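Take 1187 as the starting number for the sequence shown in the working numbering and just add one per residue.
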Amino acid sequence: MARTVRSLRRVLLAPDLAEVSFARRGFAPLPARSPASRLEDVPRAVVCGFEWAMEARGIQEIAHRLELLDPEQRGFGYEGATMALTVLDVMGRGRRTRELLNGPGRPHILLAYIGIGFAMARLPRVMWRKVLPDLTGQPFHPVMSWLAVDGYGFDLAYFHTRRWVDEQRVPASYPWQGAPGYFPRAVDQGIGRALWFIHGARPERVDAAIRAFAEHRQPDLWSGAGLAAAFAGGCGADTFAVLRRLAGQHAPELAQGAVFAIRARDLAGYVPEHSAVATRALTGLSVEAAVALADDSALPEGGSGPVPAYEHWRRAIRAHFRPEVATRR
């Protein structure tokens, strides 16, 4: 009976592999066998992680299945698995998500937060207060839990592009970590991250899409684009350089997103070549220097408030790039 209920939840709450394809979503087609074509592997890995977690008998079985994924995609599999376990926990009062993230999912905690955001996009808001597990003792908790809101924004843009990208709608606020006023900004980071996928790693199209948004939203959108570009890749050094040039005055936001991406890659224990190339192109830093910048910029204590520690962390990273005058368009 329990497996039947899980199967029903899987069917109702997760898109199948065909639904996440760029063609199905109406995104611009990608050249076959190009670096950008690998971007489609990302949502596929997320869906696989979700389905495996929904059907697995325990945390170790989930981990064993996720080991089948290429190291480059494994974090995305943990996104999907965390999404599934969050749904199961919220609907059944379990502690599976905590067990996963205190166990084999610990190195992928930053992407796992994004998976919680995917679950939020499919759950009523009244249930959101239950989605974040107690991960006391983990160095990135709860400061980086704002990535769950990023994941929520990504999901909105990816699956409802007309409303959240073309029409630039703004979702209702929510008191995440006691900072309702900051909620839309974290959503915008997720929308910006989705733009890198929606426009197939084409900098000119990403730039045009961001310019269509209100000016005050553009910095966070550029931050999200930088995070996606550095983490997922999809192009080479020359194209990353174009992205940095087009970011103009928002080059520090772009670089900040890339720094977060490389910190997440390093934490997971695998930095693909494209992430190293992107980090150098978008920040001027080596992988080691970018990781050190991320760690040196973090606040010693978390806490909540109108300006959350997450934003203070982002500001400190951006400040590193402010002395370098952004290239004019």
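Cβ coordinates follow ideal geometry from the N, Cα and C atoms, glycine included. This structure is a prediction, so every number in the text was calculated from the model and none was measured.
Whose C-beta lies closer than 7 Å to the C-beta of residue i among residues of the same chain, with five residues either side of it excluded?
i	result
Ala1305	Met1269, Thr1272, Val1273 and Val1317
Ala1462	Val1473
Ala1307	Tyr1338, Asp1341 and Leu1342
Leu1296	Phe1326, Met1330, Leu1333, Ala1450 and Leu1453
Ala1204	Arg1210
Ala1464	Ala1415, Ala1416, Gly1419, Phe1426 and Ala1444
Val1191	The predicted model places Val1191 with a pLDDT of 47, which falls under 50 and marks its position as unreliable; any figure quoted below should be read in that light. Same-chain partners within the cutoff: there are none.
Glu1497	Tyr1368
Arg1348	none
Taking the C-alpha atoms as reference points, what is the distance between residue i and residue j?
i	j	result
Val1523	Leu1333	What is shown of the chain runs 1187 to 1515, which leaves residue 1523 out entirely.
Arg1251	Gly1291	12 Å
Phe1369	Gly1212	28 Å
Arg1260	Arg1230	11 Å
Glu1241	Ile1302	18 Å
Asp1352	Phe1383	15 Å
Arg1282	Ala1444	30 Å
Ala1495	Ala1380	24 Å
Asp1181	His1385	With the chain covering only 1187 through 1515, there is no way to say anything about residue 1181.
Ala1475	Asp1256	26 Å
His1346	Ile1377	11 Å
Gln1246	Glu1253	11 Å
Asp1393	Leu1432	7 Å
Leu1225	Leu1216	9 Å
Pro1221	Val1232	19 Å
His1402	Gly1244	45 Å
Ala1214	Ser1223	11 Å
Thr1322	Gly1367	25 Å
Trp1350	Phe1507	30 Å
Arg1430	Ile1448	16 Å
Phe1165	Asp1202	As shown, the chain starts at 1187 and ends at 1515. That puts residue 1165 outside it, with no answer to give.
Leu1309	Ile1300	14 Å
With distances taken between CB atoms, is the gap from residue i to residue j smaller than 8 Å?
i	j	result
Asp1374	Gly1410	yes
Ala1418	Val1228	yes
Cys1421	Ala1450	no
Val1329	Trp1362	no
Arg1371	Asp1406	yes
Gly1412	Glu1439	yes
Leu1471	Ala1415	no
Cys1234	Gly1278	no
Ala1239	Gly1266	yes
Ala1400	Gln1354	yes
Please return the same chain residues whose Cβ sits closer than 8 Å to the Cβ of residue i, not counting the five positions on each side in sequence.
i	result
Gln1404	Ile1396, Arg1397 and His1436
Pro1293	Leu1453, Ala1454 and Gly1455
Val1428	Pro1389 and Glu1390
Gln1324	Leu1287, Asn1288, Arg1292 and Ile1295
Arg1524	Here the chain covers residues 1187 to 1515 and nothing more, so residue 1524 does not appear.
In chain order, what residues of the same chain have a beta carbon less than 6 Å from the beta carbon of residue i, not counting five sequence neighbours either side?
i	result
Ala1484	Trp1499
Gln1442	Ser1409, Arg1500, Ile1503 and Arg1504
His1460	Gly1419
Pro1458	Glu1258
Pro1319	Thr1283 and Arg1284
Tyr1344	Ala1380
Ala1218	none
Ala1249	Pro1290
Phe1446	Leu1413
May I ask you to verify whether the stretch 1350–1358 touches the stretch 1276–1289, counting CB pairs closer than 8 Å and requiring at least 3?
A contact is defined here as three or more CB-CB pairs under 8 Å, and the stretch 1350–1358 fails this definition with respect to the stretch 1276–1289.
Any chance the stretch 1475–1483 sits against the stretch 1308–1324, with 3 or more Cβ pairs inside 8 Å?
No, the stretch 1475–1483 does not touch the stretch 1308–1324.
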